[in-house]
Amino acid sequence: MLKFAFKNKKGNTNMPTANIITGLTALLFAGSLQAAETETALIYAGTWLSVVPPLLAIGVALLFRQVIPALFVGLMFGVWLIGDLAWQALWTSPLVTVQKYTVEALADTDHASVIIFSLLIGGLVGISSRNGGMVGVVNLIVNWANTVKRASLATIAMGLSIFFDDYANSLVVGNTMRPVTDKMKISREKLAYLVDSTAAPIASIAFITTWVGFEVGLIDEALRSINHQGDGAYIMFLQSIPYSFYPLFAIALTFYIALTGRDFGPMLTAEQKARSGEINTTEGIGLADDDIQPIENKPHRAVNALIPFGVLIVVVMGGLYVTGLNPELDNQSLKDIIGASDAFKAMLWASIAATIVAVLMSVSQRILSLDDTIEAWYEGMKPMLQAIVILILAWSLAAITDQLETSDYISSLLQDDLSYYWLPVLTFLLAALTAFATGSSWGTMGILIPLIIPITWNVMSAQGVLDVEYLHIIHITIASVLAGAVWGDHCSPISDTTILSSMASGCDHIEHVRTQIPYALYAGGFAILIGIIPTSLGLSPWIALAIGLAAMFAGLRWLGTKV
């Protein structure tokens, strides 16, 4: 029997009401926690209710346009289901969610590596911004931009060169190129479009960015849930890149428009007005917080960004090779070595090495003091905190859906009624809708990747196509979540990167969205019709890319008008 006694202000211990309430609370929490931690058969595992936690997360995200509360609500309902919908489990579900599932997500060594890597990359971006390195890279390109075509191409090239972070990309490119494009009478709407279309698309598919740790961490969690013994999460991510049709087509479209000088839709009107001297302007925003703006009266040397990020890339590749090499095996191919590597360890080594190099270069040249460098490092980490919270909650929700056998239930519904080759395009559309409504590509990935990969795996297994010949379906599905999230994010007026792009470019936000959506739909349509559906049916992604790129160019020649 439990006995609790609390003294009141007078020292009296006769407080039966407090004793009862406290005792009941302790019993309820202990019972709920014990139920959550006990590996017993769950009443609602593999039933229709097991689908509710992720659907609830998606629904709340769509309704309130807030991903973190949505994930937490989904988690709490999942904990309640694990507690067999007992009322005491509902009472303590927030406590169990944090005490058990989020702590377990953090305790995983691979998860911890992803978090540290993401923070260090954010810090590296902060240092490279503060020491003027990124502005130096930009200045190398700007000096060449003395015509409309060159200014447009310079904007695109600059966006692609800052591939490692979409936030840094939007802020640096928009602010730097705005005076140049104004001089060339390029509309602010066009600048915002070029900035936005070379930010998230390149960051989502480049092999070492602030996105990669997030994406690989989610893929790894999904692969664990299906006990996948083949290629690791990083290799699966790399293999999915050729199927990321929307990001690739979106980037290609910016080049086509810049090279041909053709536009269509509202963008055509904006460009015609700009050429006549009527540029729609709003006040832009600075590069970032004061703590990571370049130091005034200090040289902006491109090497201060190029060398640290070069170190990052070299150490990642070297780390993948070292961790994947097995001295006991003869004639290991490079693919086998990379496939057996520890990507989390390699990315961790690389981010540490690159950060050390950036600090040493900033301090040794006396561009920054050590205190300024550390402060810039901290400031660079701040934008990553929200993503890390989303990632932790997504890992936790994945653990709950795995325990509730959610993917098994959905797979049982789909395996007889839906052919496996329709899964990628449906995934793409679902990801696009979720990202459009929430404005968060990362939140969309956090919700869908841990759910969609096991569903696809189980449906393929049930339909007898789970072998090497059909493994590309998994790759397309992974790519469809990532690409669909970017597509929806591009079209959404509440997307953070869309807002940053319009503000950094000094463009009216609604005008940016209105002029960009037709281009996003254009690239997205080709991605679905020529990319996702044909490759799901067996067409080579390289052939699909070639046909899609040619068709997009021909379509622009027919649809667009030269300004």
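Residues -35 to -1, 1 to 528 (mature numbering (1 follows the signal peptide of the UniProt record, and there is no 0)) are what the sequence shown spells out, left to right.
Cβ atoms here follow ideal geometry from the backbone N, Cα and C, with glycine treated the same way.
Owing to the predicted nature of the structure, the values given are computational and were not obtained by experimental measurement.
Proximity below 8 angstroms, CB of residue i to CB of residue j
| i | j | result |
| --- | --- | --- |
| proline 415 | leucine 46 | no |
| alanine 450 | serine 406 | yes |
| leucine 358 | leucine 60 | no |
| alanine 223 | leucine 118 | yes |
| residue 545 | threonine 74 | Outside the displayed span of the chain (-35 to 528) sits residue 545, for which this structure offers no information. |
| alanine 308 | valine 181 | yes |
| valine 113 | threonine 141 | no |
| alanine 187 | isoleucine 23 | no |
| alanine 239 | isoleucine 302 | no |
| threonine 174 | alanine 165 | no |
| threonine 163 | isoleucine 121 | yes |
| threonine 366 | proline 18 | yes |
| residue 550 | leucine 21 | Any question about residue 550 goes unanswered here, given that the chain covers just -35 to 528. |
| residue 547 | serine 83 | Any answer about residue 547 is impossible in this case: the structure gives the chain only from -35 up to 528. |
| glycine 98 | arginine 266 | yes |
| serine 306 | threonine 288 | yes |
| serine 93 | threonine 371 | no |
| isoleucine 260 | isoleucine 206 | no |
| alanine 26 | tryptophan 360 | no |
| serine 78 | leucine 313 | yes |
| alanine 10 | leucine 369 | yes |
| alanine 519 | phenylalanine 491 | no |
| histidine 440 | glutamine 204 | yes |
For residue i, the first and last residue of its enclosing alpha helix (DSSP H)
| i | result |
| --- | --- |
| serine 361 | 335 to 368 |
| leucine 504 | Segment: none, leucine 504 is in no alpha helix (DSSP H) and carries neither H nor E. |
| aspartate 75 | 74 to 95 |
| methionine 312 | 308 to 329 |
| tyrosine 199 | 198 to 205 |
| asparagine 192 | Unbroken run through asparagine 192: none, as it is neither H nor E. |
| tryptophan 13 | Looking at the DSSP string, tryptophan 13 is not in any alpha helix (DSSP H), and its letter there is neither H nor E. |
| asparagine 269 | 268 to 289 |
| threonine 225 | 210 to 225 |
| residue 553 | Nothing about residue 553 can be reported from this structure: the residues present for the chain run from -35 to 528 only. |
| serine 169 | 165 to 170 |
| lysine 238 | 231 to 240 |
| threonine 120 | 113 to 126 |
Supposed close pair residue i, residue j - CB separation, criterion 8 angstroms
| i | j | result |
| --- | --- | --- |
| leucine 89 | alanine 323 | 6 angstroms |
| arginine 95 | alanine 318 | Incorrect: roughly 19 angstroms between the Cβ atoms, too far for contact. |
| residue 560 | threonine 399 | Past the edges of the chain, shown from -35 to 528, lies residue 560, and the structure says nothing about it. |
| threonine 392 | valine 433 | The Cβ separation is near 21 angstroms, so there is no contact. |
| tyrosine 221 | leucine 521 | 5 angstroms |
| tyrosine 211 | alanine 488 | 6 angstroms |
| tyrosine 374 | tryptophan 52 | With a Cβ gap of about 25 angstroms, tyrosine 374 and tryptophan 52 do not count as contacting. |
| leucine 514 | alanine 217 | 6 angstroms |
| residue 529 | serine 209 | The question about residue 529 has no answer here: the residues shown for the chain are numbered -35 through 528. |
| serine 460 | histidine 477 | Going by Cβ atoms, the distance from serine 460 to histidine 477 rounds to 11 angstroms, so no, they are not a contact pair. |
| methionine 349 | glycine 87 | 4 angstroms |
| isoleucine 438 | serine 501 | 7 angstroms |
| asparagine 134 | glycine 124 | 6 angstroms |
| glycine 404 | serine 457 | 5 angstroms |
Residue i beta carbon near the ligand GDP (any heavy atom closer than 7 angstroms)
| i | result |
| --- | --- |
| aspartate 473 | In the structure shown, the ligand GDP is absent, as is every other ligand, since no ligand is present at all. |
Beta strand (DSSP E) runs contained entirely in the segment 414 to 499, provided each spans 3 or more residues = none
Given 8 angstroms, three or more beta-carbon pairs between the segment 263 to 279 and the segment 33 to 47 | no
May I ask you to verify whether the segment 121 to 130 touches the segment 289 to 309, counting CB pairs closer than 8 angstroms and requiring at least 3?
-> no
Answer yes if the segment 473 to 484 comes into contact with the segment 223 to 232, meaning at least three C-beta pairs across the two stretches below 8 angstroms, and no otherwise.
-> yes
Could you say if the segment 507 to 518 and the segment 488 to 497 meet the contact criterion of at least three C-beta pairs nearer than 8 angstroms?
-> yes
Pick out the complete alpha helix (DSSP H) segments inside the segment 29 to 58, 4 residues or longer, and give them in chain order.
-> 32 to 47
Decide yes or no for the touch test of the segment 151 to 162 against the segment 467 to 475: beta carbon pairs closer than 8 angstroms, at least 3 of them.
-> yes
Given 8 angstroms as the limit, is there contact between the segment 328 to 341 and the segment 386 to 394, that is, 3 or more CB pairs closer than that?
-> no
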